[in-house]
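Just so you know, the sequences run in chain order A, B, C and D.
Heads up: the first sequence begins at 677 in this note's numbering, then just goes up one per residue.
Heads up: the second sequence begins at 677 in this note's numbering, then just goes up one per residue.
Heads up: the third sequence begins at 3 in this note's numbering, then just goes up one per residue.
Heads up: the fourth sequence begins at 3 in this note's numbering, then just goes up one per residue.
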Amino acid sequence: MVEKNIIQGWDVNQMAQKVALDIPDGSYVNLGIGIPEKVAAFVPEGRELIYHTENGLLGMGPAPAPGEEDPELINAGKKAVTAIPGACYFHHADSFTMIRGKHIDVCVLGALQVAENGDLANWSTGEPDAIPAVGGAMDLVAGVKTIYVITKHNTKTGESKIVKRCSYPLTGKAVVNRIYTNLAILDVTDQGLQVKEMAPGVSFEYLQAVTEATLIL
Amino acid sequence: MVEKNIIQGWDVNQMAQKVALDIPDGSYVNLGIGIPEKVAAFVPEGRELIYHTENGLLGMGPAPAPGEEDPELINAGKKAVTAIPGACYFHHADSFTMIRGKHIDVCVLGALQVAENGDLANWSTGEPDAIPAVGGAMDLVAGVKTIYVITKHNTKTGESKIVKRCSYPLTGKAVVNRIYTNLAILDVTDQGLQVKEMAPGVSFEYLQAVTEATLIL
Amino acid sequence: MINKILSSAEEAVHDIFDGATIMISGFGEAGSPIELIHALIDQGAKNLTIVSNNTGSGEVGLAALIAHKRVKKMICSFPRTANSTVFPELFKKGEIELEIVPQGTLAERIRAGGAGIPAFYTPTSVGTPLADHKESRTFDGITYVMEHAIKADFALVKALKADRYGNLIYNKTARNFGPIMCTAAKTTIIQVEYLVNLGGIDPECVVTPGIFVQRVVHIENPAQESKLVAENRRYPW
Amino acid sequence: MINKILSSAEEAVHDIFDGATIMISGFGEAGSPIELIHALIDQGAKNLTIVSNNTGSGEVGLAALIAHKRVKKMICSFPRTANSTVFPELFKKGEIELEIVPQGTLAERIRAGGAGIPAFYTPTSVGTPLADHKESRTFDGITYVMEHAIKADFALVKALKADRYGNLIYNKTARNFGPIMCTAAKTTIIQVEYLVNLGGIDPECVVTPGIFVQRVVHIENPAQESKLVAENRRYPW
């Protein structure tokens, strides 16, 4: 077996940029907390995306200037945001009507594990003393039309996050459409995980060696 | 059997006034189309009732002055109305949340038949060529806390509208709380139809004679 | 760039297909998108299933669509109205189907369709003929019937103001079924009296967020159905 | 005359009883009715079931209520937050129960409670541990789980403005759970920054119609939870 994690591949900004390039103009987009939030910075000029934050805002803008924060204008990560012209506010039942009713085009989420059939685990490690906390993750994967996962390919200890079958509790079954890692972009297809693109210096052999799931070139 | 309909009893305005007197200050009220609408005119000074019209207005006011009608400000009977200060507009799902969710205190409805157990028939005579049209009647009787029926005691041909069992298709089962007719006010109780008040000149014997349902004094 | 504003009602309804299910806003004439309906009559689609609270008045708007035999089936709560003769005549001749739904159940079924809820339980209609053949179930000792979501291929909705994102506000009781119908159709087509710039609608007051709207048409002076009916107008004129 | 405005938070919460189920608005600190919660701490009711998206921060507001062991059970979607230590510690010691509900399912269950819908089906959580022991059912080839309505004895909600009928508007994303919680409680208690005359809220922009509100309290300068936490404040102070 090839030694794991020798190749760093794309950095987080490059991964976010890859995601941003794949989101069509005019899409309604929900960005998960953390790395997915970086996607907004890389949307190409001339493309207009509208950001939904499930706590009740469509048309979320960038973070406010320091000192301009409003504790009642926050995103799902509870960070201060702004609202663009043309934004609107709504309550949670209406917000999840947007999600569950398949009105949102793209959701970008982090992952603990993704399985080769598109199963996603991203809310709990299942440890007995862990405090479960799910938020809107299960609603998003069940309702949004296209689910993109952005994640490091391997854990800090070198284990594959792209697995045959998730060992952690699922967020949703067969919900992921595409996975963006530091090493590759993988499409979830009926045949399995198809490699769409590999980071510079990554060979298919290397990629397969550091991946538990079976890949298709 | 006593000859029917000799005694006229209360007129429609008096019936409406009886209803109005029974609605507590501060109630949220939905008045059905037709005679029930007359109730609003008899609310005593100092009592504030808020009228709900299921097409999307809470805080319905009286009819506008001639020439002031707005075709987009109408009630459930599709007649022009006004909105009081403190009124609000909402869509149909929210409107029926108020109804089905038991937020409306009193609904006053007309009837084809009321049975002694509180069954109400007021939407269809069940004739084979009749075009069924139910509107919000079934929602109102299923959801509003207190259902008052206001109706002539007998049909034009002298038949009792207060029956042992409705022969017309039901609007709701065991939903009516009180019946206001030209001859009497009847409470639907676990024991049966209890006479609360009789119009001047009406005796219990007379009332029972013109009523199919069994009455309790 | 997002711009949902099209130049004509004709363009907005061009792809409505034979056999489509279409939600049409309005309670009586209030909120009825009469110009969009007329464009649909001109367009010619037939065998339609229409979801709308009523069946129109006179021979304009929805009543005209029915009169032209474009409608296979009506799903509504109250098919009779003042001046509605078109639907009753066709119905008595057996030339149009009717699914009668209590008004609140109709609203909730549409809302469920938009919210990704396939079915729900309601107390409305229990013990009545409208609950016949419906599954019922008891929760906490009370009986409810199960009702299914309604979704549509298109929704034709009248609103008051829109911006290019499709954010909408309505006028008074003309709001009625519009906001929920916008959520429940694959393609929602709006006619508005006023177009405004982004930000021209207070973000706290938007009734229909633009995500639920695909197409907007500016109809500056919409016809008033009751006036047309009083004048005995017929569409097409 | 209708006047839902009471003179103090103390008066507004006086009849909350031991064992009550209470919905508390807010997503993080946005929309959290901190003064009403503090009045509830002073009032002393215990063995409460709290329905709220989170569990509070530091030792003020909801976290303080939990710290004072008034809460038997939390129903929420995300009990961990920045600076939330009170709930996790009690939970690990087994001194508080938790029902974890996906955020959208939580919202829809509350909305159903207010709308007279006892149960509904949703695709959310299918195939996950949160669907264990739940009834599932297939509609059109897709599997859904059945979820039940949540109702409450009381709701404590923060809004921006109210009139004496209890009509409400909210501030930005502080709206979150407020409007649906108002519908789902027997007694809904509101704290607002501004009182206005009837008509002071545009009837087209009312978010919560007064019918869903029983009591309103004017809290002119509500505390900001994150500031209190940063200052290491504890309630009672």
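Every residue gets a Cβ at the ideal spot worked out from N, C-alpha and C, and that includes glycine.
Practice item. Identify, in the order they occur along the chain, each residue of the same chain with its Cβ nearer than 6 Å to the Cβ of residue 745/B, setting aside the five sequence neighbours on each side. Key: 756
Practice item. For residue 60/C, name the three-state secondary structure that DSSP assigns. Key: coil
Point to revise | Cβ-Cβ distance between residue 784/A and residue 855/A below 8 Å | key: no
Review point. Do you know whose CA, among 84/D, 167/D, 47/D, 215/D, lies nearest residue 18/D's CA?
Key: 47/D
Point to revise | Continuous beta strand (DSSP E) assignments of at least 3 residues falling wholly in the segment 161-224 of chain D | key: 187-197, 217-220
Check your understanding: Who are the near neighbours of residue 144/D in its chain, counting only those whose CB is closer than 7 Å to its CB and skipping five residues on each side?
Key -> 125
Point to revise | residue 206/C: contacting residues in chain D (beta-carbon distance under 7 Å) | key: 171, 207
Practice item. Give the range of the alpha helix (DSSP H) segment to which residue 43/C is assigned. Key: 36-45
Exercise for review: Measuring only between beta-carbons, confirm whether residue 778/A sits less than 8 Å from chain C.
Suggested key: yes
Review point. Taking any Cβ of chain D, which residues in the segment 118-135 of chain C have a Cβ under 8 Å from it, in chain order?
Key: 118, 119, 120, 121, 122, 123, 124, 125
Review point. Do you know whose CA, among 82/C, 20/C, 11/C, 60/C, lies nearest residue 226/C's CA?
Key: 60/C
Practice item. On the DSSP bridge assignment, give the partners of residue 150/D in chain order. Key: 121/D
Check your understanding: Can the beta-carbon of residue 845/B be found less than 8 Å from the beta-carbon of residue 802/B?
Key -> yes
Check your understanding: Given a limit of 9 Å on CB to CB distance, which residues of the segment 94-106 of chain D reach chain A?
Key -> 94, 100, 102, 103, 104, 105, 106
Review point. Which residue comes first and which comes last in the beta strand (DSSP E) that contains residue 863/A?
Key: 860-865
**Study point:** Test item: CB-CB of residue 685/B and residue 878/B under 8 Å
**Key:** yes
Check your understanding: Going by alpha carbons, who is nearest to residue 710/A out of 827/A, 892/A, 843/A, 763/A?
Key -> 827/A
Point to revise | Cut-off 7 Å between Cβ atoms - residues of its own chain near residue 881/B, not counting five sequence neighbours on either side | key: none
Exercise for review: Keeping to the same chain, check which residues put their C-beta closer than 6 Å to that of residue 860/A; ignore five residues upstream and five downstream.
Suggested key: 871, 874, 883
Check your understanding: Anyone know if the C-beta pair for residue 4/C and residue 702/A falls short of 8 Å?
Key -> yes
**Study point:** Any chain A beta carbon closer than 8 Å to residue 113/D
**Key:** yes
**Study point:** Interfacial residues, the segment 175-195 of chain D to chain A, with Cβ spacing under 8 Å
**Key:** 175, 176, 177, 178, 179, 180, 181, 182
Practice item. Please check the pair residue 102/D and residue 808/A, which I expect to be a contact at CB under 8 Å, by giving their CB distance rounded to whole angstroms. Key: 5 Å
Practice item. Please state if the CB of residue 216/D and the CB of residue 185/D are separated by a distance shorter than 8 Å. Key: no
**Study point:** Min CB distance residue 761/B to chain D below 8 Å
**Key:** yes
Practice item. Look at the alpha carbon of residue 775/A and the alpha carbon of residue 868/B, and state the distance between them as a whole number of angstroms. Key: 50 Å
Check your understanding: Are the beta-carbon atoms belonging to residue 735/A and residue 760/A less than 8 Å from one another?
Key -> yes
Practice item. Evaluate residue 174/C with the Cβ neighbour count: other Cβ atoms within 10 Å of its Cβ, from every protein chain shown; 16 or more gives buried, anything less gives exposed. Key: buried
Check your understanding: When the Cα atoms are used, what is the spatial distance from residue 93/C to residue 87/C?
Key -> 10 Å
Practice item. Return no unless some Cβ of chain A is closer than 8 Å to the Cβ of residue 1/C. Key: Beyond the ends of chain C as shown, which are 3 and 239, falls residue 1/C; an answer cannot be given.
Exercise for review: Assuming residue 165/D contacts residue 106/D (C-beta within less than 8 Å), just tell me the rounded distance between them.
Suggested key: Contact flag wrong, Cβ pair sits at about 31 Å.
Review point. Leaving out five residues before and five after residue 14/D in sequence, what residues of the same chain have Cβ atoms less than 6 Å from its Cβ?
Key: 8, 191, 217, 219
Review point. Mind checking if residue 236/C is an interface residue toward chain B, Cβ cutoff 8 Å exclusive?
Key: no
Practice item. With a threshold of 16 other CB atoms inside 10 Å of the CB of residue 752/A, please say whether the residue is buried or exposed. Key: buried
Review point. Considering only residues of the same chain and omitting the five flanking positions on each side of residue 182/C, which have a CB-CB separation below 8 Å?
Key: 109, 112, 113, 116
Practice item. Look at residue 131/D and residue 814/A and say whether their C-beta atoms are less than 8 Å apart. Key: no
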